[in-house]
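Here the structure is laid out as structure tokens; the discussion comes afterwards.
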Amino acid sequence: MNDSLNIIEAYFDGSLSAEERESFEERCVNDADFAAEVAGYIAMRDAVRQHLEEEKRAEFALLYAEMAPARHSQKAGIRIKKLSVYLAAACIMLVFGWFLLWKTTHVTQLSEDYIAANFNTLGLNMGGAETTDQLQKGIAAFNAKKYEEAVQIFSSITTQGRTEPEAVKNLGITYLVSQKYEEAIVQFDRLSGYDLYSNPGLFYKALVLMKRSAGNDRAAAKKLLQEVVDRNLAGSKEAEIWLQKL
Numbered sequence: 028m029n030d031s032l033n034i035i036e037a038y039f040d041g042s043l044s045a046e047e048r049e050s051f052e053e054r055c056v057n058d059a060d061f062a063a064e065v066a067g068y069i070a071m072r073d074a075v076r077q078h079l080e081e082e083k084r085a086e087f088a089l090l091y092a093e094m095a096p097a098r099h100s101q102k103a104g105i106r107i108k109k110l111s112v113y114l115a116a117a118c119i120m121l122v123f124g125w126f127l128l129w130k131t132t133h134v135t136q137l138s139e140d141y142i143a144a145n146f147n148t149l150g151l152n153m154g155g156a157e158t159t160d161q162l163q164k165g166i167a168a169f170n171a172k173k174y175e176e177a178v179q180i181f182s183s184i185t186t187q188g189r190t191e192p193e194a195v196k197n198l199g200i201t202y203l204v205s206q207k208y209e210e211a212i213v214q215f216d217r218l219s220g221y222d223l224y225s226n227p228g229l230f231y232k233a234l235v236l237m238k239r240s241a242g243n244d245r246a247a248a249k250k251l252l253q254e255v256v257d258r259n260l261a262g263s264k265e266a267e268i269w270l271q272k273l
């Protein structure tokens, strides 16, 4: 039994001190992996509790069947067997359902943490000199959380026939934080097509798919992250870490 499980059991047994309980609850908020362990423990504990209750009911049913006339005994045995089968299936579905929910939530959390850490504000990295003023206006609008205004400014730069990867990148990021995932994917696809020394286009596209987590998004994101690692593109170090967690 590992230390985490000991701590989790102690919390639910009520044997932790007030300070330890507070530390436990803070860890649940700040440590996604530990929170997942706690959720798994609760799910399994509830499943075991239900299983024991059903076993007790089954034992009473069996005892009643043994005391009843012989013609009823066979029917009771069949019912008990069916009950056991249904119970086993229910436990499997509970664990499987929790696992799928945890995987989706975990992937989304990875992307949300990255977005919160890196896209709270924008800086100027790749833009051409002739559009620096416009880029700065768009960045200022983004940093002020005026995302619609930022979209208009960045869009005007990217539709002037000039190669402005910085504007394309910022437009994609603005769509991402605005939860306009399809539009963000379009811009990051455009960005990945530029010949840049360091191009985060594919990595950012994977980030969008992880954040959206719909349908086959997680599998597609995993494939893109692997490509980022294989080609040593921008974001490869983060991608390598995420691949171990997906």
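Take the sequence shown: its position 5, counting from 1, is numbered 32 in this note's numbering, and each next residue is one higher. Beta carbons: idealized from backbone N, C-alpha and C, even for Gly.
Determine whether the beta carbon atoms of residue i and residue j lie at a separation below 7 Å.
i	j	result
A194	T185	yes
S31	E64	yes
A177	T201	yes
A261	S225	yes
A266	L252	yes
G165	I142	no
List the whole-angstrom C-beta distance separating residue i from residue j, where the pair is believed to meet the contact cut-off of C-beta under 8 Å.
i	j	result
A211	L203	4 Å
N170	T148	5 Å
V256	L270	7 Å
Would DSSP call residue i helix, strand or coil?
i	result
F230	helix
T135	helix
F146	coil
D222	coil
D257	helix
K164	helix
Q206	coil
A211	helix
L251	helix
N57	helix
N170	helix
S50	helix
E191	coil
N197	helix
S263	helix
L32	helix
L270	helix
L43	coil
G242	coil
In chain order, what residues of the same chain have a beta carbon less than 6 Å from the beta carbon of residue i, not counting five sequence neighbours either side?
i	result
A248	A233, L236, M237
S205	Y174
S44	none
A144	none
D244	L236
A37	L43
K1	This structure gives no information on residue 1, because the portion of the chain shown stretches from 28 to 273.
D60	none
Taking Cβ positions only, does residue i come closer than 7 Å to chain B?
i	result
N147	Of the protein chains in this structure there is only one, and it is not chain B.
Near residue i, which residues of its chain fall below 8 Å by C-beta distance, leaving aside the five closest residues on each side in sequence?
i	result
Y221	T190, P192, V195, G228
A168	Y174, E176, A177, I180
Here's a check: name, in chain order, each residue in its chain whose Cβ is nearer than 7 Å to the Cβ of residue i, leaving out the five neighbours to either side.
i	result
G154	With a pLDDT of only 47 at G154, under the threshold of 50, the placement of this residue in the model should not be trusted; the figure read from the coordinates follows. For G154, where only same-chain residues beyond five positions count, the Cβ hits under 7 Å are L162, E191, E193, A194.
A62	C55
S138	L234, M237, K238
D140	none
E254	L229
R48	Y38
S182	L198
Compute every distance between the C-beta of residue i and the non-hydrogen atoms of the ligand NAP, then say whether any falls below 6 Å.
i	result
E49	Looking at this structure, you won't find the ligand NAP or any other ligand, since it has none at all.
The segment 208-216 touching the segment 230-241, judged by at least three CB pairs closer than 8 Å: yes
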